[in-house]
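A.B. asks: Residue 1 is where the sequence shown starts when you use UniProt numbering, and the numbers rise one by one after that.
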Amino acid sequence: MAIIIRDVSDDEIPRVCAIEHAAYADNLLSPFLFPGPFPADSQQQRVTQLIDMRKTDSTARYIQAYDEETGQLIAFAKWHVYDSSSAAAAARRPARNFGPGTNVEACEAFFGSLSTKKDELMGEKPHLYLHMLHTDPSFQGRGAGKILVEWGTKEADELGLPAYLESSPSGHHLYRQCGFHDVDMLKLDLGLYGGEGVYEEPLMIREPITKE
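1. Roughly how far, in whole angstroms, is the beta-carbon of A75 from the beta-carbon of T135, given that I think they are within contact range, below 8 Å?
2. Would you identify the three-state DSSP class for R93, choosing helix, strand or coil?
3. Considering only residues of the same chain and omitting the five flanking positions on each side of L114, which have a CB-CB separation below 7 Å?
4. Since I believe H80 is in contact with H131 (beta carbons under 8 Å), could you give me their beta-carbon distance rounded to a whole number of angstroms?
5. Measure how close the beta-carbons of T127 and P162 come, nearest whole angstrom, since I'm counting them as under 8 Å.
6. For residue 214, tell me which candidate among D7, A25 and E200 has the shortest Cα-Cα distance.
7. With burial defined as no fewer than 16 other Cβ atoms inside 10 Å of the residue's Cβ, what is the status of V104: buried or exposed?
8. Tell me which same chain residues have a C-beta within less than 8 Å of the C-beta of H181, skipping the five on either side of it?
9. Just to confirm, are G160 and P208 a CB contact at a threshold of 7 Å?
10. For K118, is the classification buried or exposed, using 16 other Cβ atoms within 10 angstroms of its Cβ as the cut-off for buried?
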C-alpha cells in the first residue's frame, strides 16, 4: 500500500469528518462528552467548522495520508505551527462552544483542563501542536497515523521547536515511538458524569533533534 502525504482540500473535509466520527465510536470519553442526540445536520456543521477553522487560523495545517491503491483519504492530522511567541500567545485558552448533543459540563471540565495544562506547559513558547489525529478504523495498523505524526516532528526539527500533544490511551505507544515523552497527566473523574473510575490522558512533549 503506497501512502502519499498531502494537504487536505476543502472538498475532502466531509471525508475527514466521516473518519473522525468513526474513530470516536470506540473512544472511552465519547459517551460522557458527546452522549447525543445530535441535530440531523451535525456532520455538515462539523464540515463547515473545520473549513472555517483553517480559513481563520494561519497556523493550522490539515495533512492527510492518501492511499494510492484504493484512492482514499485514510488518515488525517491537524497540526498547528506556532513559530513565534506571538503565534503561541494568540492560541492560548481558545473560546469553545459546545452545542446540542454534548454534555456541556463534562466538555468544559475536560477541554478546559486540556487548555489549562497546555498553557502551563507551553505558554507562549514557540512550538508545534498536534491537535487532531484520526485514522479510518478499517485502515488502522498500516502506519498511516505514524506517517502523519512524523510529518509534524520533521517540521519541528527543521524549525528547532518542541512538539506537544495530548494522547489518548490507544495512541500512547505510537507517540512514544515517535520520540514523545510524558510530562504530565490529565485526570477526569468519570463518576461525576455517570461513569466509573478515572480517565487518564497523557500530555506529551518531543524535543527537537538538531542537525550537527
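Note that CB positions come from ideal geometry on N, CA and C, so glycine has one too.
Values in this document were obtained by computation on a predicted structure and should not be read as measured data.
C.D. replies: So, from the listed chains and residues:
1. 4 Å
2. coil
3. E166 and L186
4. 6 Å
5. According to the sequence provided, residue 127 is His. The question's Thr does not apply to it. Yes, they are in contact, since the Cβ atoms of H127 and P162 sit about 5 Å apart, within 8 Å.
6. Only positions 1 to 212 of the chain appear in this structure, which leaves residue 214 out of reach.
7. exposed
8. M204, I205 and R206
9. yes
10. buried
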